[in-house]
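Working notes, structure below.
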Amino acid sequence: MGKVENPSPQSIGVIDFLNDIEWIGQISIGTPPQSFLINLDTGSADLWIPSIDCSKQCANDRKFVPSKSKTFKSVGTKFDIAYGDNTRAKGFVNEDTLQIGNMIIKNQRFATINEQSATLAADVIDGILGLGYDGLSTVPGSTTPFTNMVNQKLIPKKIFSVLLRPARLGSSLFGGEYLFGGIDPSLFTGAITYTPVTKKLFWQISIDSVELNNSVLASKNDVIVDTGSTLMVLGTKVVKSIHDKLKGKLDSKTKTWQVPCNLSKSDKLSIRVNKVPFFVDTADLIRERVNPKSNDWCYSGIASTDENVWILGGVFLKNVYAVFDQEQNRVGFAIPRYPNF
C-alpha cells in the first residue's frame, strides 16, 4: 500500500506470548522484505532489529542482511538504547522500506544492532518497534514509523488504538490488535474516557487514584502507559498497601512481590482516570507460581518503584481498550470487547 488519497485505518494483529508476558507482531524491512518478530512498545520510540554482524548475542534471532535489500541505505550514526528494565541494545542507524500490515513506509530510519543484553537475547522477539513521541527517540531528528505513516499519508489520523487479549480468556486466534489511524468501535463498549498527555515523550498521563475494594490507596500521580512492559509498576508505599490487603508479601531475597495463588475473586483493584474507575481482573494479579510444585505463592502482577512516575503495563492494559491520540495529545480508555474466534 503506497500513498493513498483517502487512507483508511490499518491494523496489525499480535499474538499473546507465554501467559501475557508480551504481545508480538510481525513486520518486514527491505526490498524484497525480510521478516521480524517485534514488541510494539509505547514506552520507547526507536525501531531496531538484529544485524547479520551480531553473532553470539543474536544466536536465536532472525538477522537483517543489508546486501539482500535494494532499498537499503546506511546512515552510519551509532545507536545505543537503554530501557527501564536495565536492558540495552547497541548498533548503527540505517534507512530502508518498512512494511507493517498492509502499509509500506519508505525511507524509515531504524537500527541494526550487533550487541544486546542477555535478557533481550533470550526473548522470543527479534526487535522492538517504539511507538512513543518522536522526541523520545535516541537518534536526534529521527521520525518514528507512526509519524511516517501520517507524513506519507498511509493513515487518516495521528491516532492508534490497542486491544490486548488476556490468556485467562482461553485460547483464541485473536491475540490482540493495533489499529493505526483510528478506533475500532467493535472492540469496546460504552464511552472512551480521555485524559491529557502530561509530558510529550512517553505516553505519560495523570491518574486520579489507585483503589482496592473502594479504599483509596494512592491519589494523583503520573504514569506511563506502556505496552512494552508486562507488569503494573506503582510506588512502593501503595504496592505495600495493596499486598497487605491481599495477604501478599515481599520476598526479601528476590525483592519480588508475591500473592496467594488462590487470591479472592471478590477483590477489586482499580485505577481511576478522569473520574472513571478501570478495574483490573483479580486473575491478572496472579502470575506464575514461585515454586512450580506448590500452589501456595504466585508472583504478583504488580511491582514497586521509588521513581515518581509509575507504569501501567500489560497487567492493566489487557483490561481496557486503549487509544493513543497525538492529534489532541491524550490517552483514552474504554471497557474492552473481545472478538470470539
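First residue of the sequence shown: 1, per UniProt numbering; consecutive thereafter. Backbone N, C-alpha and C define an ideal beta-carbon position, used for all residues, glycine too.
- It is roughly 6 Å from the alpha-carbon of F36 to the alpha-carbon of Q26.
- For the options S161, T119, Y194 and Q99, the alpha carbon positioned closest to that of N274 is the one of Y194.
- In the displayed model, I335 falls within a strand according to three-state DSSP.
- G314: member of the alpha helix (DSSP H) spanning G314 to L317, first to last residue.
- Here V124 is exposed. Its C-beta has fewer than 16 other C-beta atoms within 10 Å.
- With fewer than three CB-CB distances shorter than 8 Å, the stretch 140 to 150 does not count as touching the stretch 65 to 73.
- The way I'd put it, the stretch 119 to 136 does touch the stretch 12 to 24; three or more beta-carbon pairs between them come closer than 8 Å.
- When the five nearest sequence neighbours on each side are left out, the beta carbons in the same chain lying within less than 8 Å of the beta carbon of N94 are those of P66, F72, K73, S74, V75, R109, F110, A111 and T112, in order along the chain.
- Sorting C54, P277, V315 and R62 by C-alpha distance to the C-alpha of I29 places R62 at the top.
- By the criterion of at least three beta-carbon pairs nearer than 8 Å, the stretch 184 to 199 is not in contact with the stretch 33 to 49.
- Here the alpha carbon of L269 sits roughly 13 Å from the alpha carbon of S300.
- L212 counts as buried, since at least 16 other C-beta atoms from the protein chains shown sit within 10 angstroms of its C-beta.
- If you ignore the 5 residues before and after G176, its C-beta comes within less than 6 Å of the C-beta of V14, W23, L163, L164 and R165, all in its own chain and listed in chain order.
- A check of alpha carbon separations from P277 across T31, R289, Q57 and I192 identifies I192 as the nearest.
- In this model, V239 and Y338 are separated by some 29 Å (Cα to Cα).
- Around the CB of T119, fewer than 16 other CB atoms lie within 10 Å, so the residue is classed as exposed.
- As the crow flies, the alpha-carbon of P50 is around 18 Å from that of S137.
- Ranked by Cα distance from T254, the first of G84, S304, T97 and K153 is S304.
- Taking 7 Å as the cut-off, the beta carbon of D16 is found closer than this to the beta carbon of A167.
- For V139, the CB contacts under 8 Å within the same chain, skipping 5 residues up- and downstream, are D46, T77, F79, V93, R109 and A111 in chain order.
- When Cβ pairs closer than 8 Å are counted between the two stretches, the stretch 82 to 91 is seen not to touch the stretch 100 to 107, the count staying below three.
- Under the DSSP assignment, P145 falls in the alpha helix (DSSP H) whose first and last residues are P145 to N151.
- Only exposed fits K220, as fewer than 16 other CB atoms lie within 10 angstroms of its CB.
- The alpha-carbon separation between G228 and I12 amounts to approximately 16 Å.
- Only buried fits K318, as 16 or more other CB atoms lie within 10 angstroms of its CB.
- Along the stretch 113 to 189, the beta strand (DSSP E) occurs as fully enclosed runs of 3 or more residues at 127 to 130, 159 to 164 and 176 to 180, listed in sequence order.
- Non-local C-beta neighbours of D306 in its own chain, meaning closer than 8 Å and more than five positions away in sequence, comprise G235 and T236, ordered along the chain.
- Boundaries around K73 are those of the beta strand (DSSP E), K73 to A82, since no alpha helix (DSSP H) includes it.
- In this structure T42 is buried. Its beta-carbon is surrounded by 16 or more other beta-carbon atoms within 10 angstroms.
- A Cβ-Cβ contact shorter than 7 Å links V331 with I205.
- Around T31, the same chain offers S69, K70, T71 and T97 as residues with beta carbons nearer than 7 Å, after the five sequence neighbours per side are excluded.
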